[in-house]
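Engineer:
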Amino acid sequence: MRQARAAQLRTTTAVITVLILAGTAAACGKASSSGSKGITIGIALPNKSLDRYVIEGNAMVKQFAAKGYKADLRYGNNDINAQISQIHNMIALGDKVLLISAIDGESLGEVLLEARDAHVKVIAYDRLILGSRDVSCYASFDNYKVGQLQAQYIVDKLRLKKGKGPFNMELFAGSPDDNNTQYFFNGSLDILQPYIDNGQLVIGSGQKRLSQVNTLNWDGAIAGARMKDLLATSYNSERLDAILSPDDAISQGIIATLKAFGYGTLAKPFPVITGQDAEAASVKSIIAGEQSETVYKDTRKLAGVAVQMSVDILNGRKPQINDTKQYDNGNGVVPSYLLPPVSVDKSNYKRELLDSGYLTAAELK
Ligand code: GAL
48 MRQARAAQLR TTTAVITVLI LAGTAAACGK ASSSGSKGIT IGIALPNKSL DRYVIEGNAM
108 VKQFAAKGYK ADLRYGNNDI NAQISQIHNM IALGDKVLLI SAIDGESLGE VLLEARDAHV
168 KVIAYDRLIL GSRDVSCYAS FDNYKVGQLQ AQYIVDKLRL KKGKGPFNME LFAGSPDDNN
228 TQYFFNGSLD ILQPYIDNGQ LVIGSGQKRL SQVNTLNWDG AIAGARMKDL LATSYNSERL
288 DAILSPDDAI SQGIIATLKA FGYGTLAKPF PVITGQDAEA ASVKSIIAGE QSETVYKDTR
348 KLAGVAVQMS VDILNGRKPQ INDTKQYDNG NGVVPSYLLP PVSVDKSNYK RELLDSGYLT
408 AAELK
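For the sequence shown, our numbering begins at 48 and goes up steadily by one.
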């Protein structure tokens, strides 16, 4: 996969150069906001298919505008080369700070060298950029804690502390090119491992390593296809009791397959299934008794942290940092600001998601 990507990258770099020379500024979807300071901040987000990125993208544009800055917001459509080309373009247009949520954490080193030459500062947004010296700081959530919350939900629901079991469980993880994936997985496994070791949790497929359970691009369809294999091979007579799922898109892909295999009935209830991002579709699914849980991360707050970091950097101030240990990108620890995630299920979604205005009642209809 990496080789194919490298080849793709080379072709795209050539194309991008041509595009930049041809001056494609008009085609770039520049956010329209009038900035009194005439300074533009580039924002590169992975995709528009998850609500979260739309919510935080809009929040950042608004917050920058309120502070008198312009924002240049682009979505990469989960396409690494498209994202690199967007970043090239932002640098060519003179954006002064780049907020980047990498599609592939390892593929931005080269384009960030360009940023350095152009004196453009880079902030890793939500996902750490790896192998580059040119990352000033990192704004995210406590990703290890996200994994812990998901696993703890399973532990509580199955009453493992009380010694219940054995239960059948399967593990799913996020995209292997996203640095967050291992933090979620490690956070979860640190909680689940003792119960796997003592036999209260049985992984029927035997697939326990991150390399066996990851899901490229956080793609629900890929997860659904893996779920199908697992059910067909390991659960002909046994029932599945729990699924560790790292995010809502993956949970929904898994649930579609579970339904096709007859889950969701009195005789065969859905397993406990976790998630992340409080996507409207998943919250509806939680209300309907399908998905069990999601981890809510108030991305409007993350937007606020990233905007403030940008403004501080632009004004020569040191951004506020609350973690200087967890996130080493291969070139040293990147100073980070991490926000707390919140576990949400049927019992607290109204308070956490509706009362806070993160989602509207209409979005959950
Ligand atoms: C992760 C992010 C999650 C989720 C996932 C899928 O990097 O931390 O919140 O959005 O990507 O895009």
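Cβ atoms here follow ideal geometry from the backbone N, Cα and C, with glycine treated the same way.
Give a single yes or no on whether residue 173 has its beta carbon closer than 7 Å to a heavy atom of the ligand GAL.
Structural biologist: True, at least one ligand heavy atom lies under 7 Å from that Cβ.
Engineer: Taking 7 Å as the cut-off, is the C-beta of residue 128 nearer than that to any heavy atom in the ligand GAL?
Structural biologist: False, no ligand heavy atom lies under 7 Å from that Cβ.
Engineer: Is residue 347 a contact residue of the ligand GAL, with contact defined as CB to any heavy atom under 7 Å?
Structural biologist: Every heavy atom of the ligand GAL is 7 Å or more from the Cβ of residue 347, so no.
Engineer: Quick one, are the C-beta atoms of residue 128 and residue 94 less than 8 Å apart?
Structural biologist: Their beta carbons are not under 8 Å apart, which means residue 128 does not touch residue 94 by this criterion.
Engineer: Report yes or no: do three or more beta-carbon pairs, one from the region 362 to 377 and one from the region 311 to 326, lie closer than 8 Å?
Structural biologist: The answer is no - the region 311 to 326 does not touch the region 362 to 377, with fewer than three Cβ pairs under 8 Å.
Engineer: Consult DSSP for residue 87 and reduce its assignment to one of helix, strand or coil.
Structural biologist: It is a strand residue.
Engineer: Would you kindly check if the distance between the Cβ of residue 254 and the Cβ of residue 218 is under 8 Å?
Structural biologist: For residue 218 and residue 254, yes; Cβs fall inside 8 Å.
Engineer: Any heavy atom of the ligand GAL closer than 7 Å to the Cβ of residue 92?
Structural biologist: No; taking the cut-off as 7 Å, the Cβ of residue 92 has no heavy atom of the ligand GAL nearer than that.
Engineer: Could you pull out every residue in the same chain whose Cβ sits closer than 7 Å to the Cβ of residue 265, ignoring the five residues on either side in sequence?
Structural biologist: Cβ neighbours of residue 265 beyond the five flanking positions: 221, 222, 294, 296 and 297.
Engineer: Any contact between the region 103 to 112 and the region 178 to 191? By contact I mean 3 or more CB pairs, one from each, below 8 Å.
Structural biologist: No, because fewer than three Cβ pairs between the region 103 to 112 and the region 178 to 191 fall closer than 8 Å, the two stretches do not touch.
Engineer: For residue 209, verify whether its CB is less than 7 Å away from any heavy atom of the ligand GAL.
Structural biologist: Result no, Cβ not under 7 Å from the ligand GAL.
Engineer: Using DSSP's beta-bridge definition, name the partner residues of residue 217.
Structural biologist: Looking at the DSSP assignment, residue 217 forms a beta bridge with 290.
Engineer: With contact counted as at least three CB pairs below 8 Å, one residue from each stretch, are the region 147 to 162 and the region 224 to 241 in contact?
Structural biologist: Yes, since at least three Cβ pairs between the region 147 to 162 and the region 224 to 241 fall closer than 8 Å, the two stretches touch.
Engineer: With 16 other CB atoms within 10 Å as the buried threshold, where does residue 313 fall?
Structural biologist: The residue is exposed, with fewer than 16 neighbouring Cβ atoms inside 10 Å.
Engineer: Does DSSP classify residue 117 as helix, strand or coil?
Structural biologist: DSSP places residue 117 in strand when its eight states are reduced to three.
Engineer: For a test of the three-state rule: what should DSSP assign to residue 92, helix, strand or coil?
Structural biologist: It is a strand residue.
Engineer: Is it true that the CB of residue 329 sits closer than 8 Å to the CB of residue 341?
Structural biologist: A contact, by the Cβ cut-off of 8 Å.
Engineer: For a quick check, are the C-beta atoms of residue 269 and residue 216 less than 8 Å apart?
Structural biologist: Taking 8 Å as the Cβ cut-off, residue 269 and residue 216 do not qualify as a contacting pair.
Engineer: Should residue 135 be labelled buried (16 or more other beta-carbon atoms within 10 Å of its own) or exposed?
Structural biologist: Buried is the call here.
Engineer: With a threshold of 7 Å on Cβ separation, who are the neighbours of residue 156 within its own chain once the five nearest residues in sequence on each side are excluded?
Structural biologist: Result list for residue 156: 178 and 179, in chain order.
Engineer: Taking only the alpha-carbon atoms, compute the straight-line gap between residue 88 and residue 193 and give it to the nearest angstrom.
Structural biologist: Near 29 Å, if we compare the C-alpha coordinates of residue 193 and residue 88.
Engineer: For the alpha helix (DSSP H) holding residue 204, just list the boundary residues, first then last.
Structural biologist: Residues 190 to 204.
Engineer: Please report the straight-line C-alpha distance between residue 284 and residue 278, rounded to a whole angstrom.
Structural biologist: So the two alpha carbons sit approximately 10 Å from each other.
Engineer: Mind checking whether residue 131 and residue 169 have CB atoms under 8 Å apart?
Structural biologist: Contact flag unset, no.
Engineer: Is residue 294 near the ligand GAL, judged by its Cβ being under 7 Å from some heavy atom?
Structural biologist: Yes, the Cβ of residue 294 comes within 7 Å of a heavy atom of the ligand GAL.
Engineer: Does the Cβ-Cβ distance between residue 444 and residue 102 come in under 8 Å?
Structural biologist: Nothing about residue 444 can be reported from this structure: the residues present for the chain run from 48 to 412 only.
Engineer: Which whole-angstrom value is the C-beta distance of residue 233 and residue 200, which I expect to be below 8 Å?
Structural biologist: Not really, about 17 Å apart at Cβ, beyond 8 Å.
Engineer: Where does residue 82 sit, in a helix, a strand or coil, going by DSSP?
Structural biologist: Per-residue confidence for residue 82 stands at a pLDDT of 45, beneath the threshold of 50, marking its modelled position as unreliable; the derived number appears in the next sentence. Note: residue 82 maps to coil in three-state DSSP.
Engineer: Thinking C-beta only, is residue 292 closer than 8 Å to residue 252?
Structural biologist: Contact: no.
Engineer: How would you call residue 380, buried or exposed, if buried means at least 16 neighbouring beta carbons within 10 angstroms?
Structural biologist: Answer is exposed; the Cβ neighbour count stays below 16.
Engineer: Quick check: residue 361 and residue 202, are their CB atoms within less than 8 Å of each other?
Structural biologist: Contact flag unset, no.
Engineer: Helix, strand or coil for residue 349 per DSSP?
Structural biologist: DSSP places residue 349 in helix when its eight states are reduced to three.
Engineer: If you draw a straight line from the alpha carbon of residue 410 to that of residue 175, how long is it in whole angstroms?
Structural biologist: Cα-Cα distance, rounded: 31 Å.
Engineer: Excluding the five sequence neighbours on either side, which residues of its own chain have a C-beta within less than 8 Å of the C-beta of residue 355, listed in chain order?
Structural biologist: For residue 355, where only same-chain residues beyond five positions count, the Cβ hits under 8 Å are 366 and 367.
Engineer: Check the DSSP bridge columns for residue 342 and list the partner residues they point to.
Structural biologist: Paired residues: 390.
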